[in-house]
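Going down the list, the sequences are from chains A and B.
At position 243 of the first sequence the residue is numbered 225 (my numbering), and the sequence of numbers has no breaks.
At position 223 of the second sequence the residue is numbered 205 (my numbering), and the sequence of numbers has no breaks.
So the structure is just underneath, and the comments pick up after that.
There are 2 protein chains.
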Amino acid sequence: VTDDADTASAIAALPAPPRALIEIDCGQNRCGLAPDDPALPVVAQNLGPAFAGIMTHAGHSYGGRTPQEMRGYAEAECRAAVQAAERLAAAGLQARIVSIGSTPTALHAGPLNGVTELRAGVYMFGDLFQAEIGTHGLDDIAVTVLTSVIGRRPGRLLVDAGGLALSKDRSTEAAPRDYGYGRVLDLAGQPFGDAVVRRAYQEHGVIERDADAPIELHIGDKLRIAPNHTCMTAAAHDRYHVIDGDDVVVAVWPRVNGW
Amino acid sequence: VTDDADTASAIAALPAPPRALIEIDCGQNRCGLAPDDPALPVVAQNLGPAFAGIMTHAGHSYGGRTPQEMRGYAEAECRAAVQAAERLAAAGLQARIVSIGSTPTALHAGPLNGVTELRAGVYMFGDLFQAEIGTHGLDDIAVTVLTSVIGRRPGRLLVDAGGLALSKDRSTEAAPRDYGYGRVLDLAGQPFGDAVVRRAYQEHGVIERDADAPIELHIGDKLRIAPNHTCMTAAAHDRYHVIDGDDVVVAVWPRVNGW
């Protein structure tokens, strides 16, 4: 659009809000209608012109641990969405949006015939939990929290990233490997052995120093912490400082937080 | 200040930054110098004109469970701060600021001779953890998260407040009573029996419905969730909506978040 008149006509061409997607339960049993629920066409009919389509989210794919399991969740997610859309179509109700997605299923999806949208949340950044369940490698995690060493005690270091900077997310507690409140990396992204942030106070994080592999760091030294769950950690910050292979900030990306 | 010249002279009258407080360890063993550490006057001397005083924080008071224990922590906090300030004074170094404080010790403090500042964090709002350790009553919690019922399943309700709205703080896990991710209240602040947010997904919370005391709520009904740790929960929001005995918002208080 190039001027106000164009803007107005572009807005006028948009479908009138609100538009509603009906949530389909593809197996997580958290929310939504089953794809074969008799109420499905009734709900769509009752939405009238607001009915825009269906969406589902295989959140239970986070319980998967192998590519085979992930493919199974991905197929079930796609199948549930398409089945729901087909039932609606048979009732004369066109789902213009058929939306699926979770990060594990996005990465293990097969053909997506009948799907119009794949929503993938942490997909673009990755995190320790996703690495633990095999959706990507540990080296693929693209978000870290920069922190400084602010204290030393026998056997441990104190850093200025605590729960407010890292979040209190403990999702890797149930993963094959428990990373505490995050994995400790140097500025180049290389790990310090098995070091993790073991405790997170509100403003302080505690890194335990393994006696067999002491971390020789001093007050003022900088570290990166790879997060358990990037969505929760990133929500604690109002922007990303983007770097590309070194420590030069090449862009600052604002975030949309809140509701 | 009324104009630029006044502003400039007001700024000129401020103490020159940076001003530094030396942290004193009053027993938590997290950070800071012991009050009798030989390095204390050396550090203050080295700070030169930046030296403004000392501060301590009895974070280990969160481990207390009785008024007697809390008073003990409060006395130790005050004693450590005053002892450090007196040692510095004896070396000719005047601590203009002698700062103590944690919420439990603020509430159980005795005479504060020699102290110039008491920092109390969650003191003004309270939370479930503070109620569990006896610093105030459950009815004194002044911050809740307003949420809506968005789903029903046998034995549980789904609400639109998950980890992003409540935080993933689980501090009451170690308290006498575990409130999950928060205690469920009605709009008037009255509890629904023992109901808590048992699971917190990113955007969804799950309230388990006790078979003996079913919660008769419907989709769209509103609830309040009292937080485990108000500091962490409030940090997820950019403002407070202030009410005073009913549901009329009488003020909106912005928050300072981030670093």
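The C-beta atom is built at its ideal place from N, Cα and C for all residues, glycine as well.
Please read all numbers here as calculations on a predicted model, not as lab measurements.
Less than 8 Å between CB atoms is the rule here; does residue i satisfy it with respect to chain A?
| i | result |
| --- | --- |
| residue 204 of chain B | no |
| residue 152 of chain B | yes |
| residue -16 of chain B | In this predicted model, residue -16 of chain B has a pLDDT of only 46, less than 50, meaning its place in the structure is not dependable enough to derive any value. |
| residue 106 of chain B | no |
| residue 74 of chain B | no |
| residue 109 of chain B | no |
| residue 200 of chain B | no |
| residue 165 of chain B | no |
| residue 61 of chain B | no |
| residue 180 of chain B | no |
| residue 240 of chain B | yes |
| residue 12 of chain B | yes |
| residue 90 of chain B | no |
Please tell me whether residue i and residue j are closer than 8 Å, where the distance is taken between their beta carbons.
| i | j | result |
| --- | --- | --- |
| residue 180 of chain B | residue 173 of chain B | no |
| residue 40 of chain A | residue 58 of chain A | yes |
| residue 60 of chain A | residue 97 of chain A | yes |
| residue 201 of chain B | residue 131 of chain B | yes |
| residue 221 of chain A | residue 241 of chain A | no |
| residue 206 of chain A | residue 175 of chain A | no |
| residue 13 of chain B | residue 133 of chain A | yes |
| residue 146 of chain B | residue 217 of chain B | no |
| residue 92 of chain A | residue 63 of chain A | no |
| residue 15 of chain A | residue 37 of chain A | no |
| residue 46 of chain A | residue 86 of chain A | yes |
| residue 191 of chain A | residue 116 of chain A | no |
| residue 42 of chain B | residue 83 of chain B | no |
| residue 197 of chain A | residue 182 of chain A | no |
| residue 209 of chain B | residue 148 of chain B | yes |
Starting from the C-beta of residue i, find all residues in its chain whose C-beta is less than 8 Å away, skip the five residues before and the five after it, and write them out in chain order.
| i | result |
| --- | --- |
| residue 232 of chain A | 224, 225 and 226 |
| residue 69 of chain A | 17, 18, 22 and 23 |
| residue 113 of chain A | 119, 120, 122 and 123 |
| residue 229 of chain B | 169 |
| residue 107 of chain B | 123, 124, 125, 212 and 216 |
Output yes if chain B places a C-beta closer than 8 Å to the C-beta of residue i; else output no.
| i | result |
| --- | --- |
| residue 183 of chain A | yes |
| residue 9 of chain A | no |
| residue 214 of chain A | yes |
| residue 116 of chain A | no |
| residue 237 of chain A | no |
| residue 101 of chain A | no |
Taking 6 Å as the limit between beta carbons, can you name the residues of its chain near residue i, skipping five residues before and five after?
| i | result |
| --- | --- |
| residue 211 of chain A | 109, 111, 151 and 153 |
| residue 203 of chain B | 131 |
Measuring only between beta-carbons, confirm whether residue i sits less than 8 Å from chain D.
| i | result |
| --- | --- |
| residue 191 of chain A | Among the protein chains in the structure shown, which are A and B, there is no chain D. |
Can you give me the Cβ contacts of residue i inside the same chain, cut-off strictly under 7 Å, excluding the 5 residues immediately before and after it?
| i | result |
| --- | --- |
| residue 33 of chain A | 2, 26 and 75 |
| residue 90 of chain A | 49, 52, 53 and 56 |
| residue 128 of chain A | 204 and 206 |
Quick test of the definition: if touching needs 3 or more C-beta pairs under 8 Å, does the stretch 136 to 144 of chain A touch the stretch 170 to 186 of chain A? The stretch 136 to 144 of chain A makes contact with the stretch 170 to 186 of chain A: 3 or more CB pairs, one atom from each, lie closer than 8 Å.
Meets three-Cβ-pair contact criterion under 8 Å: the stretch 67 to 80 of chain B and the stretch 109 to 128 of chain B: no
Under 8 Å (Cβ pairs) to chain B, residues found in the stretch 129 to 163 of chain A: 132, 133, 135, 140, 145, 146, 147, 149, 150, 151 and 152
Decide yes or no for the touch test of the stretch 157 to 171 of chain B against the stretch 152 to 162 of chain A: beta carbon pairs closer than 8 Å, at least 3 of them. no
Contact list for the stretch 31 to 56 of chain B against chain A, Cβ threshold 8 Å: 41
Return the residues of the stretch 215 to 235 of chain A that lie within a Cβ-Cβ distance of less than 8 Å from chain B, sorted by chain order. Answer in chain order: 217, 218, 219 and 220.
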